[in-house]
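Residue numbers (our numbering), protein chains in the order written: chain G, 26 to 137; chain Y, -19 to 95.
A short worksheet on the structure shown next.
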Amino acid sequence: SQQGEEDPQALSIQEGENATMNCSYKTSINNLQWYRQNSGRGLVHLILIRSNEREKHSGRLRVTLDTSKKSSSLLITASRAADTASYFCATDRWAGSYQLTFGKGTKLSVIP
Amino acid sequence: GAGVSQSPSNKVTEKGKDVELRCDPISGHTALYWYRQSLGQGLEFLIYFQGNSAPDKSGLPSDRFSAERTGGSVSTLTIQRTQQEDSAVYLCASSLVGASGNTIYFGEGSWLTVV
């Protein structure tokens, strides 16, 4: 079953604008990670935020985590055409075994 | 190798045939994961191997699916008597250990089409 749910499902913006994607989850987590996927192939890890962190930055990426609302957001600032991809959040937790569960993703299109 | 390697990249098979998908994880990584992704969908967990522990098979959709990991390294996902609904990208990933907070590295996937 899906633990994370991203919204919007699809987002189209102009180059230079900021893109914000949201992720909600259902159960308690240890960490939340964001991944990027180009053209339906392999995923690339972008950033990890721990459950005791509220905000994290990496280059043009900013991730927030609100454990009380069970939600996270990924902000990409000054977007570029090369940022066009699908973005997934993944939550990890221990439930008898280590579980990493992905949402359905947000498809981002950055128009040059 | 430098990254997770999967083969074949693409496989077209006839309904009812068996297929084997191979994953070669990053050297030294003890945790290995298989996920399935249908067109335009999210990732569906299939199976997880951690070292010598019994694998977590809770995500395998039916008994037609099985996976093994030999010598703690290479893994093979086998789908018997393939059905059209098995068509998807099968993604393998590995991490240093299967523990919270570890970065997971994905292969490029094996695209399976059942006709």
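We put the beta carbon where it would ideally sit given N, CA and C, even for glycine.
is_contact[residue i, chain Y] using C-beta, thresh 8 Å
| i | result |
| --- | --- |
| N63(G) | no |
| Y123(G) | yes |
| R66(G) | yes |
| K129(G) | yes |
| N55(G) | yes |
| H70(G) | yes |
| R75(G) | yes |
| T126(G) | yes |
Reduced DSSP category for residue i - H, G, I as helix; E, B as strand; rest coil
| i | result |
| --- | --- |
| S111(G) | strand |
| T92(G) | coil |
| E88(Y) | coil |
| T45(G) | strand |
| D117(G) | strand |
Spatial neighbours of residue i in its chain, beta-carbon cut-off 8 Å, leaving aside the 5 residues before and after
| i | result |
| --- | --- |
| F86(Y) | V(-16), L71, C72 and A73 |
| T93(Y) | N(-10), K(-9), V(-8), T(-7) and S67 |
Residue-chain proximity (residue i, chain B), Cβ-Cβ < 8 Å
| i | result |
| --- | --- |
| D36(Y) | In the structure shown, chain B cannot be found, because the protein chains are G and Y. |
Own chain, CB closer than 7 Å to residue i, minus 5 neighbours either side, in chain order
| i | result |
| --- | --- |
| Q39(G) | I136 |
| P(-12)(Y) | S90 |
| H9(Y) | S74, S75 and L76 |
| K37(Y) | I27 |
Proximity below 8 Å, CB of residue i to CB of residue j
| i | j | result |
| --- | --- | --- |
| T56(Y) | R2(Y) | yes |
| T190(G) | I54(G) | Nothing about residue 190(G) can be reported from this structure: the residues present for chain G run from 26 to 137 only. |
| K99(Y) | T62(Y) | The requested residue 99(Y) does not occur in the structure, where chain Y is confined to residues -19 to 95. |
| L23(Y) | Q30(Y) | no |
| F45(Y) | L19(Y) | no |
| E30(G) | F113(G) | no |
| S93(G) | C48(G) | no |
For residue j and residue i, believed in contact at Cβ under 8 Å, the rounded distance
| i | j | result |
| --- | --- | --- |
| G78(Y) | Y123(G) | 4 Å |
| S111(G) | G130(G) | 4 Å |
Cβ neighbours of residue i in the same chain (closer than 6 Å, five flanking residues each side left out)
| i | result |
| --- | --- |
| T102(G) | N43 and R85 |
| I74(G) | L57, K81, V88 and L90 |
Any chain G beta carbon closer than 8 Å to residue i
| i | result |
| --- | --- |
| I27(Y) | no |
| Q60(Y) | no |
| T10(Y) | no |
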